[in-house]
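Colleague: Input: one structure, supplied below.
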Amino acid sequence: MKISIASDHGGFEQKEPLKTFLSQEGHEVIDRGPATDERVDYPDFAALVAHDVVQKVADVGVLICGTGIGMAISANKLVGIRAANVTTPDFAELSREHNDANVICLSGRFTDLATNKAILGVFLHTKFGEGRHVARVQKIGALEQSR
Ligand code: RB5
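In numbering that gives the first Met the number 0, the protein residues as written are 0 to 146.
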């Protein structure tokens, strides 16, 4: 899979080991930054990854900030993005199976590295459940037209 990844300073420390983990799992990783742990604004980096997913440069996106919350709120502003803020492997599975999430947002401050690796493993191996979930995900898409 082609995976676009980025963080802010709150997620930077985990970005490098998570990149290594993803490469070892056989994925192609596109690192959209930042290159250091200097303070940055998370919407800037959420936008880079979200654009990669919308423009099909990447299959899925991974965003890491302090909580994952700001990244999810930002990425979800782009049409076609379904970003899920995930802190457990169970939620990773459900975000794919029920919501067809295409961006996962992780916490670099409240979730340890081993758990985030487990979360990513589940997220990348779980398929969308189809069936009753299709119409619901279509309704999420329809909300993108509302003001
Ligand atoms: C940065 O201090 C922090 O606000 C950010 O990493 C993130 O947690 C925002 O949601």
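Just so it is clear, CB atoms sit at the ideal spot from N, CA and C, and this is done for glycine as well.
On a predicted model such as this, the values are computed, not experimentally measured, just so you know.
Does the beta-carbon of Asp111, which I'm using as the reference point, lie nearer than 8 Å to any heavy atom of the ligand RB5?
Modeller: Not so, every heavy atom of the ligand RB5 lies at least 8 Å from the Cβ.
Colleague: Rounded to whole angstroms, how far is the Cβ of Ile29 from the Cβ of Ser3, which I believe are closer than 8 Å?
Modeller: About 5 Å separates the two Cβ atoms, so the contact holds.
Colleague: Rounded C-beta distance between Ala45 and Leu62? I'm assuming under 8 Å.
Modeller: Yes, Ala45 and Leu62 are in contact; Cβ-Cβ is about 6 Å, under 8 Å.
Colleague: Looking only at its chain, what residues have a beta carbon closer than 6 Å to the beta carbon of Phe20, apart from the 5 residues adjacent to it on each side?
Modeller: These residues qualify, in order along the chain: Lys116.
Colleague: What's the gap between the Cα of Ser106 and the Cα of Gly130?
Modeller: Answer to the nearest angstrom: the Cα atoms are 31 Å apart.
Colleague: Hey, which unbroken runs of the alpha helix (DSSP H) at 4 residues or more fall wholly within the stretch 18-83?
Modeller: 41-53 and 68-74, all fully within the stretch 18-83.
Colleague: Comparing C-alpha positions only, which one of Val85, Gly79, Lys14 and Thr125 sits nearest to Val136?
Modeller: Considering only alpha carbons, the answer is Gly79.
Colleague: Taking 8 Å as the cut-off, is the C-beta of Gly67 nearer than that to any heavy atom in the ligand RB5?
Modeller: Within the cutoff, so yes.
Colleague: Is the beta carbon of Met0 sitting closer than 9 Å to the one on Asp58?
Modeller: Going by C-beta atoms, Met0 is nearer than 9 Å to Asp58.
Colleague: Need the endpoints of the alpha helix (DSSP H) that Val133 sits in, please.
Modeller: Taken as a continuous stretch (DSSP letters only), the alpha helix (DSSP H) holding Val133 covers Arg131 to Leu142.
Colleague: State yes or no: is the C-beta of Phe122 within less than 9 Å of the C-beta of Ala91?
Modeller: Result yes, Cβ atoms of Phe122 and Ala91 sit closer than 9 Å.
Colleague: Would Lys14 be called buried (16 or more neighbouring beta carbons within 10 Å of its own) or exposed?
Modeller: Under this definition Lys14 is a buried residue.
Colleague: Tell me whether Ala5 sits in a helix, a strand or coil according to DSSP, three-state version.
Modeller: Strand at Ala5.
Colleague: Please report how far the alpha carbon of Arg12 lies from the alpha carbon of Asp36, in whole angstroms.
Modeller: According to the sequence provided, residue 12 is Glu. The question's Arg does not apply to it. If you take the alpha carbons of Glu12 and Asp36, they lie about 7 Å apart.
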